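Numbering (the working numbering), first residue to last: 9 to 413.
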């Protein structure tokens, strides 16, 4: 979204950008709501949008993800042909400047399943995350998910850097090879499950570029529970740290945060991810790392607050988190908001969002699990949405606003 000062006329028409589940991208007049332009970001029938776009100068970078993992559960579905993409468009008009696919070549016929259904690959490597723009190098970084079908290639579970101006790939760094998975792998012996059978360890959280003073470092966190410090110029891994054992819903799910040389790593680490797997080395909660070395500074494991309220309650952090001076703020799957001290991980403040609310619109509101987007902080106020009913979490529809007293 373009910004302007409250009470002052903007220098140019401000836009707000967003995408939908059908892979459309929209630009609206931020003051009037008027539709400026609308484009289809990908023609694949299972393409979708899951992350916000990133704007730099007059270029809007749009990530494209896919839901082809779902129809692959059907034995008769010919899996799979979708591939993740990054689209660069003129922000003012929606005109395409360039488009790159995470898998450079289209999927090819690769044989038939045990029931005779045709198979295609490689496929997948969706881009779940918002692009990370590096103004200094004029790079844009994206993270990819798993392949959807055999063969798994070097496009899955990778961080990729593209040149902002040309779309040319600068480097790619795969941190977990051989990851191909779709929903057929959640059943026993379903034909469309790739021979690799997971482990489905996407990059579902955006990378963060951090200035260390004498150099920059790009940090990326994966659903595997591992964090990587990467040289932004070359893609070489400087350090890696396995903070936990991870899981199909994280590990690191929707977003880390940083302040100075401190990296905040939220872990979901659900015990039961409904895929029949048992996840070990679980450490749900908040963790702090030194961004120069990857050293773990502290770990605060959270207990389940709602264990007597809802059987689908989990204590971990799935949602993106927000760093403020001296602290980090997180919404948990158990419906709790917690503020952690930067120095030692102590909980400075907490709030249970479960319950009913009187809303300013008059619509009944209730709180639930936190997942997806994180807290938004501005001018002493914090806005956060409570309620996330997907994957058996606790639903809700409350947008909560807090002020600092």
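For glycine and all other residues, C-beta sits at the position ideal for the given N, C-alpha and C.
None of these values were measured; they are calculated from a predicted model.
- In terms of Cα proximity to residue 238, the closest of 341, 41, 217, 26 is 217.
- Membership of residue 34 in the beta strand (DSSP E) is indicated by the continuous run 32-37.
- Counting C-beta pairs with one atom in each stretch, the stretch 272-279 and the stretch 138-154 have fewer than three that are closer than 8 Å, which means they do not touch.
- For residue 145, DSSP assigns no beta-bridge partner whatsoever.
- Between residue 407 and residue 393 the beta-carbon gap is near 5 Å, inside 8 Å, which marks them as a contact.
- Rounded to whole angstroms, the separation of the alpha carbons of residue 347 and residue 335 is 7 Å.
- Taking all protein chains in view, the Cβ of residue 39 is surrounded by fewer than 16 other Cβ atoms within 10 Å, so the residue is classified as exposed.
- DSSP places residue 104 in the uninterrupted beta strand (DSSP E) bounded by 104-109.
- Taken through DSSP and simplified to helix, strand or coil, residue 309 comes out as strand.
- The residue from 227, 201, 404 with its alpha-carbon nearest to that of residue 183 is 227.
- Residue 93 sits away from residue 103, with the two beta carbons spaced by 8 Å or more.
- Under the DSSP definition of a beta bridge, residue 294 partners with 274, 308.
- The DSSP-derived three-state label of residue 200 is coil.
- Beta-bridge pairing by DSSP links residue 219 to 224.
- For the pair residue 159 and residue 81, the Cα-to-Cα distance works out to about 18 Å.
- Contact check for residue 211 against residue 165 passes: the beta carbons are separated by less than 8 Å.
- Boundaries cannot be given for residue 19, as no beta strand (DSSP E) includes it and DSSP labels it neither H nor E.
- In the displayed model, residue 184 falls within coil according to three-state DSSP, outside both helix and strand.
- In this structure the stretch 167-176 does not touch the stretch 196-204; the number of beta carbon pairs closer than 8 Å is below three.
- For residue 356, the enclosing beta strand (DSSP E) covers residues 355-360.
- By the Cβ test, the stretch 125-135 is not in contact with the stretch 229-247, since fewer than three Cβ pairs between them sit closer than 8 Å.
- For the pair of segments examined, the stretch 357-365 was found not to touch the stretch 290-305: the number of CB pairs separated by less than 8 Å stays below three.
- By the CB criterion at 8 Å, residue 23 and residue 37 fall inside the cutoff.
- Secondary structure note for residue 393: its beta strand (DSSP E) is the uninterrupted segment 389-394.
- Under the DSSP assignment, residue 113 falls outside any beta strand (DSSP E); it carries neither an H nor an E label.
- Per DSSP, the beta-bridge partners of residue 332 are 335.
- Nearest neighbour of residue 299 by Cα position, chosen from 250, 225, 327, 264, turns out to be 225.
- Comparing C-alpha distances from residue 329 to each of 381, 351, 368, 344 shows the shortest one belongs to 381.
- Proximity to residue 289 across 357, 250, 374, 105 peaks at 250, based on C-alpha coordinates.
- In this model, residue 44 and residue 31 are separated by some 17 Å (Cα to Cα).
- By the 16-neighbour rule on beta-carbons within 10 angstroms, residue 391 is exposed.
- By DSSP's assignment, residue 374 forms a beta bridge with 364.
- Pairing residue 293 with residue 311, the inter-Cα distance amounts to about 8 Å.
- Taking residue 383 as reference, the option from 100, 141, 340, 189 with the minimal CA-CA separation is 340.
- Nearest C-alpha to residue 379 among 350, 351, 324: 324.
- Relative to the Cα of residue 143, the nearest Cα in the group 333, 62, 135 belongs to 62.
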